[in-house]
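Worksheet: the structure to be examined is printed underneath.
Numbering (the numbering used here), first residue to last: 52 to 519.
Structure representation (structure tokens):
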């Protein structure tokens, strides 16, 4: 009994110490780090008439309406909603503003390459379904025409402020329209119009590279990467299927010029995300998190939060330090920007190191450092770490473009299989593996050139390949 008494006594002492120490440790917020405070630069605005963002916003406007003009109206409506309540959940999806008469794909998506067994070979898919492809193009001429108009814009930049109510996911319609665009390219190939097919890819990649370089939001950047990848794969198919003229070779080489640092890097995205996180942190500091105990405590008759909700909000604010939270996010953004400035083995080593730290942090959610600002760390820490994973996508795309550039070279020089490996070894840095800064590799059995990109575990074991 004496031992039990001692255990209870010391248990009480420890609990009391925790109850005293934790509030004391969390009594004061950090100062905002100077380098973090400088984050969130705002790019120079683009004249609305030159900005494809508005056309994307209004892309599904009903037939007979101007998509750009409708997009301008919709963005203005969003700005009013955001000004009234930056956390509003009332209208998060633009499609809700367009009503039932909005432009939609006729015939459904079953005839698009999304549903193909091999989405890397979209032209082959459309060529193998020539009748269905002809039909879906005839049924969706307006959507395809709008996509062609869209990619003629000289600029792209998101204009809505980075707050909770901002509608980020506006790009779904252009993903569908892009499939129609690829289907049209396939029909050009079928009819022997190789130069016309290459010209379409060239026009599209110019726009998508601009979207990758000038866009602010992460989702827009990833969509640009995805559609660019589909275009480059289509180019690879054309090289395999068609005989290219010298002019075609020149155009193909122009399409696969390596990505610029601005096109590939997440630096601009990090600046935008910094503004978003700062707004989010400010909102949380002001309002707490009303949903944290939602459903656990009924409001009082006056409509005020119940006791449990009040207690929850008290502890939320006690253990949430706004500056400390933004410092965590800001330092991650700065690190990602520094990482994106690296290339080759230096980039690969740093990214793998950061992945290791992230995994260790995820395994140890209860850590000593969690005694200070535990709410902020819980909300922000894991969320901003995902940027490391997205960083590698630009390198994968750049590597794919280099592979197809090599394929153009093989085609241009009529290199036999027995000499491909020698060509890879002597091609030079423009054609090098983006992760290892060494020549691309040759698989004679599959007749493909490849490099090893990073898999989900950030190991260089994810093969990216192009068939000759």
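Quick reminder that beta carbons are idealized off the backbone N, C-alpha and C, glycines included.
### Task
Could you tell me the distance, in whole angstroms, from the CA atom of residue 164 to the CA atom of residue 177?
As a working note, residue 164 is residue 113 in the chain shown. As a working note, residue 177 is residue 126 in the chain shown. C-alpha separation (whole angstroms): 7 Å.
### Task
In angstroms with no decimal places, state the Cα-to-Cα distance between residue 345 and residue 130.
The residue given as residue 345 occupies position 294 in the chain shown. The residue given as residue 130 occupies position 79 in the chain shown. Unreliable placement is indicated for residue 345, whose pLDDT of 43 sits below 50; the coordinate value is still reported in the next sentence. Looking at the two C-alpha atoms, the distance is approximately 28 Å.
### Task
Assuming residue 427 contacts residue 376 (C-beta within less than 8 Å), just tell me the rounded distance between them.
On the chain shown, residue 427 is found 376 positions in, with the first residue counted as 1. On the chain shown, residue 376 is found 325 positions in, with the first residue counted as 1. Sure, about 3 Å apart at Cβ, within 8 Å.
### Task
Using the DSSP secondary-structure output, state which residues sit across from residue 516 in a beta bridge.
Position 465 of the chain shown, counting from 1, holds the residue named residue 516. Residue 516 pairs with 501.
### Query
Between which two residues does the beta strand (DSSP E) harbouring residue 494 extend?
Along the chain shown, one-based indexing puts residue 494 at 443. Taken as a continuous stretch (DSSP letters only), the beta strand (DSSP E) holding residue 494 covers 492-494.
### Query
With distances taken between CB atoms, is the gap from residue 374 to residue 77 smaller than 8 Å?
Taking the chain shown and counting its residues from 1, one reaches residue 374 at position 323. Taking the chain shown and counting its residues from 1, one reaches residue 77 at position 26. Contact flag unset, no.
### Query
Can you tell me the Cα-Cα spacing of residue 136 and residue 268, whole angstroms?
Stepping through the chain shown from its first residue, residue 136 is reached at position 85. Stepping through the chain shown from its first residue, residue 268 is reached at position 217. In a straight line, the C-alpha of residue 136 is about 21 Å away from that of residue 268.
### Query
Got a sec, what are the start and stop residues for the alpha helix (DSSP H) residue 457 sits in?
For the purposes of this step, residue 457 is taken as residue 406 along the chain shown, with counting starting at 1. Residue 457 -> alpha helix (DSSP H) spans 433-464.
### Residue of 270, 266, 463, 236 minimising C-alpha distance to residue 299
Within the chain shown, numbered from 1, the residue matching residue 299 stands at position 248. Ranking 270, 266, 463, 236 by Cα distance to residue 299 puts 463 first.
### N-terminal and C-terminal residue of the alpha helix (DSSP H) that residue 305 is part of
As a first step, residue 305 is located in the chain shown; it is residue number 254 there, counting from the start. Segment 297-306, the alpha helix (DSSP H) holding residue 305.
### residue 77 in three-state terms, based on DSSP
Here residue 77 refers to the residue found at position 26 of the chain shown. Residue 77 falls in the coil class under three-state DSSP.
### Message
According to DSSP, simplified to helix, strand and coil, what is residue 506?
### Response
Translated into positions along the chain shown, residue 506 becomes position 455. Of the three classes helix, strand and coil, the one that applies to residue 506 here is coil, per DSSP.
### Contained beta strand (DSSP E) runs [length at least 3] in the region 79-117, N- to C-terminal order
none
### residue 406 and residue 393 closer than 8 Å at C-beta
On the chain shown, residue 406 is found 355 positions in, with the first residue counted as 1. On the chain shown, residue 393 is found 342 positions in, with the first residue counted as 1. For residue 406 and residue 393, no; Cβs fall outside 8 Å.
### Task
Might you give, ordered along the chain, the residues of its own chain that have their beta carbon closer than 6 Å to the beta carbon of residue 283, omitting 5 neighbours on each side?
Within the chain shown, numbered from 1, the residue matching residue 283 stands at position 232. These residues qualify, in order along the chain: 451, 452, 455.
### Sequence-distant residues of its chain with Cβ nearer than 6 Å to residue 149 (five each side left out)
Translated into the one-based positions of the chain shown, residue 149 becomes position 98. So the list reads 111, once near-sequence residues are dropped.
### Message
Could you tell me the alpha carbon to alpha carbon distance between residue 473 and residue 485, rounded to whole angstroms?
### Response
Residue numbering aside, residue 473 sits at position 422 when the chain shown is read from its first letter. Residue numbering aside, residue 485 sits at position 434 when the chain shown is read from its first letter. Each residue's Cα considered, the two are about 19 Å apart.
### Alpha-carbon spacing of residue 83 relative to residue 379, whole angstroms
Here the question's residue 83 lines up with position 32 in the chain shown. Here the question's residue 379 lines up with position 328 in the chain shown. Cα to Cα, residue 83 sits roughly 10 Å from residue 379.
### Message
If contact is defined by three or more beta carbon pairs under 8 Å, each pair taking one atom from either stretch, is the region 177-187 in contact with the region 226-244?
### Response
yes
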